[in-house]
Amino acid sequence: MDSKIKLLRYFDRVQGILDGEFLPPIVADVDLVNGLCNLNCEWCCQRGSQETKKTTFMPMDTIKKMGLFCKKWGVKSWRIAGDSEPTLNPNIHYLFRSGHEHGISMGLITNGVLLDKVKDLHLLSWLGVSLDAATAKTWSQLKGSPEKNFYRIIDNIKRIHDSIPGLEVSIKFIRWSDEIHLGRKELSPNLTAKHKKKPTPGRQKDNYADAEMLPQFAKELGCKYILRDAFPKDTARQYRFEVCRGTPLYATFGADHKFYLCCDVRTGYILTDDYTKNDWHELYDLWGSQKHKDLIASINPKKCKFCSKEWLNTIIENIILDGKYSNEYQVNFI
54 MDSKIKLLRY FDRVQGILDG EFLPPIVADV DLVNGLCNLN CEWCCQRGSQ
104 ETKKTTFMPM DTIKKMGLFC KKWGVKSWRI AGDSEPTLNP NIHYLFRSGH
154 EHGISMGLIT NGVLLDKVKD LHLLSWLGVS LDAATAKTWS QLKGSPEKNF
204 YRIIDNIKRI HDSIPGLEVS IKFIRWSDEI HLGRKELSPN LTAKHKKKPT
254 PGRQKDNYAD AEMLPQFAKE LGCKYILRDA FPKDTARQYR FEVCRGTPLY
304 ATFGADHKFY LCCDVRTGYI LTDDYTKNDW HELYDLWGSQ KHKDLIASIN
354 PKKCKFCSKE WLNTIIENII LDGKYSNEYQ VNFI
């Protein structure tokens, strides 16, 4: 279902943002790993975070306590993904158990290579596999990994489909072109060549042909697919909002214990350096505080290379409120 429709269910949260009285976030991004990935995707929007952070794994004690804390706070769901590959944390199944025990709905986004090593996948509501290709050659060139790992992922999807029939499995596909969309040149921070991940020699410049094969490819695997375009190079100039208001609907728990205001920027906008401080009461005091509001106010969307909450900020500013671009949306007709 389109997330824009789901927003109606949580209008109290939106109203809280407008009133300056923030209610608990609906969704929490839980990062089991920071600063490490086993692939090298050309369009990875978390590249800047990966290449600047030291490798960190969420501690076991934090994993086990995350479910109870989020239940008490009022968080409804977890998106387990992060700036890195979550299945690299061998304790990932303990997070599934922590969430399940406390009634948290959970979804996992993974590149799928290590899914054969992960236990307790049946506790998830959904599983998204970021495949981004329908052939081993394209996958290998755009992911910087041997073709054999593509087939490993496909085998993992088939096995999960057969063994956990109630789990919603989707192939996630980002349609990308080196000419049109943001890539490593734009998304890598200003580091020396020594620190940057190198592109695959002779790599393809896009995955458009594979995108055409996606519907049939997913059908043959017996799963859904989610196709969207990568962020254009001029994304920031296309924004139809001037103020960032959407972040209080989300939480981002870093593996490094930092609480990030926005899942798109894990290199700044930090609400606290340790969300477990004071026996996990640190966030209760900071959420909706003046510090929190000032941090949100410091966000200048024009300086954001991309925004995964673009649709949300656009709706709040131009549909719910009267904004600069409201007239473009025929708001008086429903």
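Going left to right, the sequence shown walks through residues 54 to 387 as the working numbering numbers them. From the three backbone atoms N, C-alpha and C, an ideal C-beta is built for every residue, glycine too.
Checklist entry - If Leu161 sits next to Gly135, beta carbons under 8 angstroms apart, how far is it from one beta carbon to the other, in whole angstroms? => result Rounded, the Cβ-Cβ distance is 11 angstroms, inconsistent with contact.
Item to check | For Cys123 and His248, the rounded distance between their alpha carbons | outcome: At His248 the pLDDT is 46, less than 50, meaning the model places this residue with poor confidence; the figure from the coordinates comes in the next sentence. Taking the straight line from one Cα to the other gives about 36 angstroms.
Checklist entry - Can you tell which of Ile224, Arg256, Pro77 has the C-alpha that lies nearest to the C-alpha of Lys211? => result The residue among Ile224, Arg256, Pro77 with its C-alpha nearest the C-alpha of Lys211 is Ile224.
Checklist entry - Are Phe284 and Phe359 closer than 8 angstroms when you measure CB to CB? => result yes
Checklist entry - Which whole runs of the alpha helix (DSSP H) in the region 255 to 292 are 4 residues long or more, in chain order? => result 261 to 274, 288 to 291
Item to check | Proximity below 8 angstroms, CB of Ile213 to CB of Leu174 | outcome: Going by C-beta atoms, Ile213 is nearer than 8 angstroms to Leu174.
Checklist entry - Does the beta-carbon distance from Asp259 to Asp231 come in below 8 angstroms? => result yes
Checklist entry - What residue does the beta strand (DSSP E) around Ile49 start on, and which one ends it? => result Given a span of 54 to 387 for the chain in the structure shown, any question on residue 49 remains unanswerable.
Next on the checklist: Tell me the DSSP secondary structure of Leu348 in three-state form.
Outcome noted: helix
Checklist entry - By DSSP, does Arg319 sit in helix, in strand, or in coil? => result coil
Item to check | Extent of the continuous alpha helix (DSSP H) run through Thr191 | outcome: Where Thr191 is concerned, the enclosing alpha helix (DSSP H) stretches over 189 to 196.
Next on the checklist: As a quick exercise: from Asp185, Thr320, Ala289, pick the residue whose alpha carbon is nearest that of Arg228.
Outcome noted: Asp185
Checklist entry - Just the Cα atoms here: how many angstroms apart are Thr245 and Trp192? => result Low confidence applies here, because Thr245 scores a pLDDT of 49, under 50, leaving its location unreliable and the question unanswered by this model.
Item to check | Residue-level contact to chain B via CB, Tyr63, 8 angstroms cutoff | outcome: Of the protein chains in this structure there is only one, and it is not chain B.
Next on the checklist: On the CB-based measure, 16 or more other CB atoms within 10 Å of its CB, does Asp169 come out buried or exposed?
Outcome noted: exposed
Checklist entry - Looking at C-alpha atoms only, which residue of Glu95, Leu71, Leu60 is the closest neighbour of His234? => result Glu95
Checklist entry - Taking Cβ positions, are Pro77 and Val128 nearer each other than 8 angstroms? => result yes
Next on the checklist: Taking the straight line between their C-alpha atoms, what separation do you get for Gly219 and Ala264?
Outcome noted: 26 angstroms
Next on the checklist: Measuring straight from C-alpha to C-alpha, what distance separates Cys357 and Ala289?
Outcome noted: 6 angstroms
Checklist entry - Between the Cα of Arg298 and the Cα atoms of Leu240, Leu148, Thr115, Pro354, which residue gives the shortest distance? => result Pro354
Checklist entry - Where does Val182 sit, in a helix, a strand or coil, going by DSSP? => result strand
Checklist entry - In terms of residue numbering, what span does the alpha helix (DSSP H) encompassing Phe203 cover? => result 200 to 216
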